[in-house]
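Undergrad:
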Amino acid sequence: MAAPRNLMGESGRLLRDEENPASEEDDSPSGKKPKSERFPLTRWEFFVALGVFFILSIGLFCIYLTMPATDYVKLKLPRNLSDLRMLKDHLASYAQDYPVQFILGYCSTYIFMQTFMIPGTLFLSLLAGALFGAIKGLLLVSFNATAGASSCFFLSKLIGKPIVGWLWPEKLRFFQSEIAKRRDKLLNYMLFLRITPSLPNLFINLASPIVEIPFHIFFLATLIGLIPATYITVRAGLALGDLKSVKDLYDFKTLVVLSLIGFLFIFPIILKRKKIYE
1 MAAPRNLMGE SGRLLRDEEN PASEEDDSPS GKKPKSERFP LTRWEFFVAL GVFFILSIGL
61 FCIYLTMPAT DYVKLKLPRN LSDLRMLKDH LASYAQDYPV QFILGYCSTY IFMQTFMIPG
121 TLFLSLLAGA LFGAIKGLLL VSFNATAGAS SCFFLSKLIG KPIVGWLWPE KLRFFQSEIA
181 KRRDKLLNYM LFLRITPSLP NLFINLASPI VEIPFHIFFL ATLIGLIPAT YITVRAGLAL
241 GDLKSVKDLY DFKTLVVLSL IGFLFIFPII LKRKKIYE
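Structure (structure tokens):
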């Protein structure tokens, strides 16, 4: 009697599978997506991110309401050099007439975009050079870039791990292993990463809290390490009319100079490792 029961059991399972196609393997064309392809945030994490975005958006909107009236139709985030030149011409007199209000609006916009990884901060850096000159523009952009990166750091500490692991799993593992090797000279290594184009700044902002880089190291490396590239960008803003493409900012010569500066910071790490192996 055992055999008939087994046959009936197999038949029952076949019937259930036919009635419930969704119970097939995930790799089938009609099945569910693999877990790695699904949106990484839980419902709670998604609403936290949405809440932070909503609160900061309200704050940014309130700052705009306190600013003197202007032609808001001409105010838009530049997406190319042509947009940036028109924005610069429109804001030149406004920035001179209302310097405090303009800087407040500029800083709020820059930090907001940096926090939520909205593209376009490069154009705002060029705008700072065009409106305020090399030194003032450098100070202004350095402050905003550091504040925005720090804000992004803490946001990533709250909900960033699943996103970074979803978007860049291999790059995150590589970064984690490199950080583990250089714990004793972590500031030097972070300065090297900030100065050179070894890793994108966006990835560094998001991944740093995940690989447990202390905030004071992250802050100092960002504040100091972004100065060379920021200075190049701000200086380019002084000659905005002659700039033909954003790609001209970082030509081969500029990248070589940044790499040499970065090498000066990582050289102590290389020297120490060499002494260990001798």
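Residue numbering for the sequence shown follows UniProt numbering, beginning at 1 and increasing consecutively.
Just so you know, even glycine gets a beta-carbon here, dropped at the ideal spot from N, CA and C.
1) Go through its chain and collect everything with a Cβ distance to residue 45's Cβ below 6 Å, but skip five positions before and after it.
2) By Cβ distance below 6 Å, which residues in the same chain neighbour residue 98 in space, the five residues on each side in sequence not counted?
3) Answer yes if the segment 199 to 218 comes into contact with the segment 239 to 248, meaning at least three C-beta pairs across the two stretches below 8 Å, and no otherwise.
4) If distances are taken between C-alpha atoms only, which option among 118, 124 and 194 comes closest to residue 81?
5) Would residue 96 be called buried (16 or more neighbouring beta carbons within 10 Å of its own) or exposed?
6) Where does the unbroken alpha helix (DSSP H) through residue 86 begin, and where does it stop?
7) If contacts are defined as beta-carbon pairs under 8 Å, then residue 41 and residue 169 qualify, I think. What distance do you get, rounded to the angstrom?
8) My output table needs one value for residue 228: the three-state DSSP class, helix, strand or coil.
9) Give me, in chain order, the residues of the same chain whose beta-carbon lies closer than 7 Å to that of residue 153; leave out the 5 immediate sequence neighbours on both sides.
10) Would you mind stating whether residue 115 and residue 57 have Cβ atoms separated by less than 8 Å?
11) Rounded to whole angstroms, what is the Cα-Cα separation between residue 231 and residue 171?
TA: Let's see:
1) Correct list, in chain order: 159.
2) Here residue 98 has 68 as same chain residues with Cβ atoms under 6 Å from its own Cβ, once five neighbours each way along the sequence are excluded.
3) Flag = no, the segment 239 to 248 and the segment 199 to 218 do not touch.
4) Taking only the C-alpha atoms, the option nearest residue 81 is 124.
5) By the 10 Å Cβ count, residue 96 comes out exposed.
6) Segment 81 to 97, the alpha helix (DSSP H) holding residue 86.
7) Actually they do not touch by this definition, with Cβ atoms about 16 Å apart.
8) When DSSP states are grouped into helix, strand and coil, residue 228 belongs to the helix group.
9) Shown here for residue 153: same chain residues with a beta carbon closer than 7 Å to its own, the five before and five after excluded, namely 205, 208, 209, 215 and 218 in chain order.
10) Contact check for residue 115 against residue 57 fails: the beta carbons are separated by 8 Å or more.
11) Between residue 231 and residue 171, the C-alpha separation is close to 28 Å.
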